[in-house]
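There are 2 protein chains.
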Amino acid sequence: MKRLTLKDVAKLAGVAPSTVSFVLNGKGKQMRIRDEVAARIMQVAEKSGYEPHRMAVNLRTGQSKTLGLIVESISGSFFASLAKTIETEAERRGYNVVYCSTENNAQKGGELIRMLGRQMVDGYLITPAPGMEKEIQQLVNQHKPVVLMDSYFPTIKTPYVLINNFDGVQQGMKHLIGRGLTKIAFVMVDVKLIQIEERLRGYVTALKDHKIPVKKKYILQLQYHRQREDSLRELQDFLESNPELDAIFFSTNYLGILGLEVIARMGLKMPEDLAVLCFDDHDIFRLYPPGISVIEQPIEGIAKTAIDLLMYQLDKNNGPMKKQAIELPGKFILRGSA
Amino acid sequence: MKRLTLKDVAKLAGVAPSTVSFVLNGKGKQMRIRDEVAARIMQVAEKSGYEPHRMAVNLRTGQSKTLGLIVESISGSFFASLAKTIETEAERRGYNVVYCSTENNAQKGGELIRMLGRQMVDGYLITPAPGMEKEIQQLVNQHKPVVLMDSYFPTIKTPYVLINNFDGVQQGMKHLIGRGLTKIAFVMVDVKLIQIEERLRGYVTALKDHKIPVKKKYILQLQYHRQREDSLRELQDFLESNPELDAIFFSTNYLGILGLEVIARMGLKMPEDLAVLCFDDHDIFRLYPPGISVIEQPIEGIAKTAIDLLMYQLDKNNGPMKKQAIELPGKFILRGSA
DNA sequence: TACCTGTGCTAAATCGATTTTTCAAATTAG
DNA sequence: CTAATTTGAAAAATCGATTTAGCACAGGTA
Chain A
1 MKRLTLKDVA
11 KLAGVAPSTV
21 SFVLNGKGKQ
31 MRIRDEVAAR
41 IMQVAEKSGY
51 EPHRMAVNLR
61 TGQSKTLGLI
71 VESISGSFFA
81 SLAKTIETEA
91 ERRGYNVVYC
101 STENNAQKGG
111 ELIRMLGRQM
121 VDGYLITPAP
131 GMEKEIQQLV
141 NQHKPVVLMD
151 SYFPTIKTPY
161 VLINNFDGVQ
171 QGMKHLIGRG
181 LTKIAFVMVD
191 VKLIQIEERL
201 RGYVTALKDH
211 KIPVKKKYIL
221 QLQYHRQRED
231 SLRELQDFLE
241 SNPELDAIFF
251 STNYLGILGL
261 EVIARMGLKM
271 PEDLAVLCFD
281 DHDIFRLYPP
291 GISVIEQPIE
301 GIAKTAIDLL
311 MYQLDKNNGP
321 MKKQAIELPG
331 KFILRGSA
Chain B
1 MKRLTLKDVA
11 KLAGVAPSTV
21 SFVLNGKGKQ
31 MRIRDEVAAR
41 IMQVAEKSGY
51 EPHRMAVNLR
61 TGQSKTLGLI
71 VESISGSFFA
81 SLAKTIETEA
91 ERRGYNVVYC
101 STENNAQKGG
111 ELIRMLGRQM
121 VDGYLITPAP
131 GMEKEIQQLV
141 NQHKPVVLMD
151 SYFPTIKTPY
161 VLINNFDGVQ
171 QGMKHLIGRG
181 LTKIAFVMVD
191 VKLIQIEERL
201 RGYVTALKDH
211 KIPVKKKYIL
221 QLQYHRQRED
231 SLRELQDFLE
241 SNPELDAIFF
251 STNYLGILGL
261 EVIARMGLKM
271 PEDLAVLCFD
281 DHDIFRLYPP
291 GISVIEQPIE
301 GIAKTAIDLL
311 MYQLDKNNGP
321 MKKQAIELPG
331 KFILRGSA
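Protein chains in written order, with the working numbering: chain A, 1 to 338; chain B, 1 to 338.
See below:
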């Protein structure tokens, strides 16, 4: 009824525990165990359904075979897709994943990292939020394997992988401009994040490239920590005070969803009254009539690449990494709104 | 630079490791350690920042202090809310959570449970899917603490907690009928799940209670494993062949979302052309104009109750459980669609 | 014959905690 | 004043694996 231990298997096979361990860990040849004996051990282990005791292995080897995934919000759709791929990929490589969300709370971010440290995760996958910089730097200093996703800190020397934000926005802008639209608004949050700045740069550059004047009043910076209602009102004011706008580009899906609500309130028709484009897809954008055009993040690619980078670090045999920064292209998805 | 061990702390405090262990685990009094010595140990442990090695503790005590949460889909919104509450509650009690999703794959469900077994989780929180019955029964047979959520198997004797499906549907139906609507359709999937049957029972009973004839042709059973497009078409056929319908009740949010798409395609206006009601809320329902009325699940309550039930089982001091089945009331949320 | 070498496996140390056992010194009892 | 008990803490066993060191035996060598 109780759990089968290595010792039990050894007894069943009539050998020493160490011999069983060698064979099961593929070190039989190296340890000069006869094929005959090895085969017998394998057989016994197989049909007895022996599974090594994880904790014991971890204690002895010092490896927990667990990765920590830290995201901003566990209920976000970005996380959902990310988690699925990462879990699958990790499992393929014999790793488990524990998830944690900072829930937009910088302080909690630090706590979480420390908590995961206690749990002894072997490596970290993090979508960094402002305020986590110090904690992440600490991990790197301790030579813990870390890969950042979706964003990064220029000062921290650890690999990261994210969408090419600049190029993504350009794709969208080119489409809008190609349709003859020129009065295009850009809505962003005021947090200082690399990816947001890149998106803004994409917007500005696209306009300049097409000799369209960049008007400051067409760029709206919403405050991040703000009541939902306040943001809605500010957005509505913005649209009402710029009635000549052809199109609006939301730099995150969170903003896009707010936008949809305002647009519905104002009774505007997409795309006739206002073309709408959003960075980062969301379930709602597929369904919400007439369908919101978006720049889709290559989430699966990001996840796979991130795991690869992490595994590379985890493998102590590897030398230092060559490429530290990886940018994957986004994909423009045309729906009815633009 | 290396991790501090109990031994190190013992050396620092000038006592034996066992003594440190006793004090740190609050067994100092019981083991007759002098207060003076205990205080010194506490101090040393404190300022040296000692943290016990999880794996070592787990190995020795046989407790992993980890719970397994198995859901159908990790990207679903039900999971998202559930996970957040469960993680918070578990943490409060010194437990971690590992998540797994079956992704609507019965076979994977079994694998997962076995995988979690290997990982030595102390208890299971499961939203059971058809096909997992045998595996769950096994867990129960092995006296592993298990709590089911959202659904249950009548044959398995383990606690479960879910929304009162019957009552939830009744609430919605009463609202529709109160508005004078009588030709109400009910859309469900054909999987044999307790909660689905209860919802259907709620629909039928509500009609009967108001002396409204129950027409079989107003009940649509969609096949679960089906191409999205096929389901959409079938749903559209259903609506077109019953043009006299006043209202439609979707028994799951998955179906409701399909419904929205069809309704948009057919150009129907909610609620004038067709009143729409859905069981189980979803982000989209809040935003999608004119807002979809729903029966909201008490997810937080479910999560908290489930954890409580699990903790009760985990506590070996407790006798057998009294109440095995807990039903929490749902909440009718009125929006524009009904 | 004595000495080395290689083979094939076992014994024992180890990881870092918890828990049981043991034990010297102090106290109490008879 | 010796024996029994209590006190306070150290020593050792244990959890279940991995890994290093070691041992017995066979065959080859000088």
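Beta carbons: idealized from backbone N, C-alpha and C, even for Gly.
Residue i at chain B interface by Cβ criterion, 9 angstroms
i                      : result
residue 132 of chain A : no
residue 228 of chain A : no
residue 341 of chain A : Coverage of chain A is limited to positions 1 through 338, which leaves residue 341 of chain A absent and any answer about it impossible.
residue 59 of chain A  : yes
residue 266 of chain A : no
residue 97 of chain A  : yes
residue 21 of chain A  : no
residue 53 of chain A  : yes
residue 185 of chain A : no
residue 283 of chain A : yes
residue 101 of chain A : yes
residue 56 of chain A  : yes
residue 149 of chain A : no
residue 80 of chain A  : yes
CB contact check: residue i to chain A, cutoff 9 angstroms
i                      : result
residue 287 of chain B : yes
residue 35 of chain B  : no
residue 198 of chain B : no
residue 87 of chain B  : yes
residue 364 of chain B : The first residue shown for chain B is 1 and the last is 338, placing residue 364 of chain B beyond what the model contains.
residue 257 of chain B : yes
residue 260 of chain B : yes
residue 70 of chain B  : no
residue 339 of chain B : With chain B covering 1 to 338 only, the question about residue 339 of chain B has no answer from this structure.
residue 120 of chain B : yes
residue 39 of chain B  : no
residue 83 of chain B  : yes
residue 90 of chain B  : no
Cβ-Cβ distance between residue i and residue j below 9 angstroms
i                      : j                      : result
residue 271 of chain A : residue 298 of chain A : no
residue 239 of chain B : residue 262 of chain B : yes
residue 361 of chain A : residue 280 of chain B : Coverage of chain A is limited to positions 1 through 338, which leaves residue 361 of chain A absent and any answer about it impossible.
residue 185 of chain B : residue 207 of chain B : no
residue 80 of chain A  : residue 97 of chain A  : no
residue 311 of chain B : residue 93 of chain B  : yes
residue 222 of chain A : residue 248 of chain A : no
residue 334 of chain A : residue 246 of chain A : no
residue 136 of chain B : residue 327 of chain B : no
Proximity winner among the options, relative to residue i (alpha-carbon distances)
i                      : options                    : result
residue 42 of chain A  : A:241, A:28, A:327         : A:28
residue 200 of chain B : B:57, B:159, B:250         : B:250
residue 174 of chain A : A:237, A:337, A:273, A:332 : A:332
residue 76 of chain A  : A:51, A:102, A:176         : A:102
residue 161 of chain A : A:194, A:143, A:177, A:137 : A:194
residue 78 of chain B  : B:182, B:325, B:316, B:296 : B:296
residue 62 of chain B  : B:209, B:120, B:21, B:38   : B:120
residue 259 of chain A : A:244, A:243, A:276, A:245 : A:276
residue 315 of chain B : B:338, B:144, B:231, B:266 : B:144
residue 40 of chain B  : B:24, B:265, B:336         : B:24
residue 67 of chain A  : A:138, A:99, A:179, A:176  : A:99
residue 152 of chain A : A:176, A:122, A:141, A:198 : A:198
residue 176 of chain A : A:269, A:8, A:52, A:212    : A:212
residue 278 of chain A : A:85, A:196, A:236, A:209  : A:196
residue 325 of chain A : A:179, A:156, A:226, A:234 : A:156
residue 215 of chain B : B:158, B:244, B:225, B:231 : B:244
residue 178 of chain A : A:230, A:229, A:338        : A:338
*Please specify which runs of the alpha helix (DSSP H), each continuous and at least 4 residues long, are wholly inside the segment 19-65 of chain A, giving them in chain order.*
35-48, 54-61
*Pairing CB atoms from the segment 277-295 of chain B with CB atoms from the segment 121-132 of chain B, are three or more of them under 8 angstroms?*
Touching, no, given that fewer than three Cβ pairs across the two stretches are closer than 8 angstroms.
*Is it a yes or a no for the segment 248-262 of chain A touching the segment 187-206 of chain A, going by three-plus beta-carbon pairs under 8 angstroms?*
yes
*How do the segment 161-172 of chain B and the segment 129-137 of chain B stand: do at least 3 beta-carbon pairs fall below 8 angstroms, yes or no?*
Too few Cβ pairs lie closer than 8 angstroms, so no.
_Pairs of beta-carbons, one from the segment 45-57 of chain B and one from the segment 5-18 of chain B, closer than 8 angstroms: are there three or more?_
yes
*Is the segment 79-95 of chain B touching the segment 301-321 of chain B, taking contact as three or more C-beta pairs under 8 angstroms?*
yes
*For the segment 177-226 of chain B, list the beta strand (DSSP E) runs that are entirely contained and at least 3 residues long, ordered along the chain.*
Counting only runs of 3 or more, we get 184-189, 219-222.
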